[in-house]
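Numbering (our numbering), first residue to last: 12 to 190.
Note that the Cβ used here is the ideal one computed from N, Cα and C, for glycine as well.
The structure appears right after this line, and notes come after that.
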């Protein structure tokens, strides 16, 4: 299996990229804008008589792609459309908040597909959370607060500051206000 490609993006048309690896150039599809990317994380499929490569900015994007494909009724087009429409962090929020309406804004994703995605992936995307959010949630749940409540407050607080100490103080104040 191919983990990643390191080279220079030489050509892009729509979602098709060509990366020059020095002695060979490979073509792959990507939902991301990779024009300045030198490392591309790859997922490879052997389909019928051909090899298909899909490239991603981060391992998290690739993991979301694979998890989406594991859901019955979700294909490559759906997965690419979702990744084109939402960052991994935004997708995490959509799934955790059961925001079917926002998920259906991705091209080709209908209400039933969105419901299935949320049902299958809710609570299973913890790998996406950013480190600061994870640290803040861990600290607050360690103090005995409910994780669901903490997650909501932590996301709000992190819109105001990216300093863990300040975020912890603000979160504790908000949790105390809510009782």
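Out of the options, which one is the CA nearest neighbour of residue i?
{"i": "residue 106", "options": "160, 133 and 45", "result": "133"}
{"i": "residue 163", "options": "73, 36 and 182", "result": "182"}
{"i": "residue 108", "options": "117, 48, 126 and 95", "result": "126"}
{"i": "residue 152", "options": "186, 171, 41 and 170", "result": "186"}
{"i": "residue 79", "options": "34, 128, 110 and 116", "result": "128"}
{"i": "residue 103", "options": "90, 135 and 124", "result": "135"}
{"i": "residue 42", "options": "13, 87 and 15", "result": "87"}
{"i": "residue 169", "options": "50, 100 and 36", "result": "100"}
{"i": "residue 144", "options": "40, 57 and 176", "result": "176"}
{"i": "residue 191", "options": "49, 158, 14 and 124", "result": "There is simply no residue 191 to check, as the chain begins at 12 and stops at 190 in what is shown."}
{"i": "residue 98", "options": "85, 32, 111 and 117", "result": "117"}
{"i": "residue 51", "options": "62, 61, 39 and 124", "result": "39"}
Please check the pair residue i and residue j, which I expect to be a contact at CB under 8 Å, by giving their CB distance rounded to whole angstroms.
{"i": "residue 196", "j": "residue 120", "result": "Any answer about residue 196 is impossible in this case: the structure gives the chain only from 12 up to 190."}
{"i": "residue 28", "j": "residue 45", "result": "6 Å"}
{"i": "residue 147", "j": "residue 165", "result": "5 Å"}
{"i": "residue 74", "j": "residue 138", "result": "6 Å"}
Locate the beta strand (DSSP E) running through residue i, then write down its first and last residues.
{"i": "residue 50", "result": "50-58"}
{"i": "residue 37", "result": "36-40"}
Can you check DSSP and say which residues form a bridge with residue i?
{"i": "residue 17", "result": "50"}
{"i": "residue 31", "result": "19 and 36"}
{"i": "residue 61", "result": "58"}
{"i": "residue 153", "result": "According to DSSP, residue 153 bridges with nothing at all."}
{"i": "residue 67", "result": "52"}
{"i": "residue 177", "result": "Bridge partners of residue 177: none, in fact."}
{"i": "residue 24", "result": "27"}
What is the residue span of the alpha helix (DSSP H) that residue i lies within?
{"i": "residue 161", "result": "158-168"}
{"i": "residue 124", "result": "122-132"}
| Counting only runs that start and end within the region 70-114, where is the alpha helix (DSSP H) found for 4 or more residues in a row? | DSSP runs (the alpha helix (DSSP H)) wholly in the region 70-114: 70-80, 87-96, 99-107 and 111-114.
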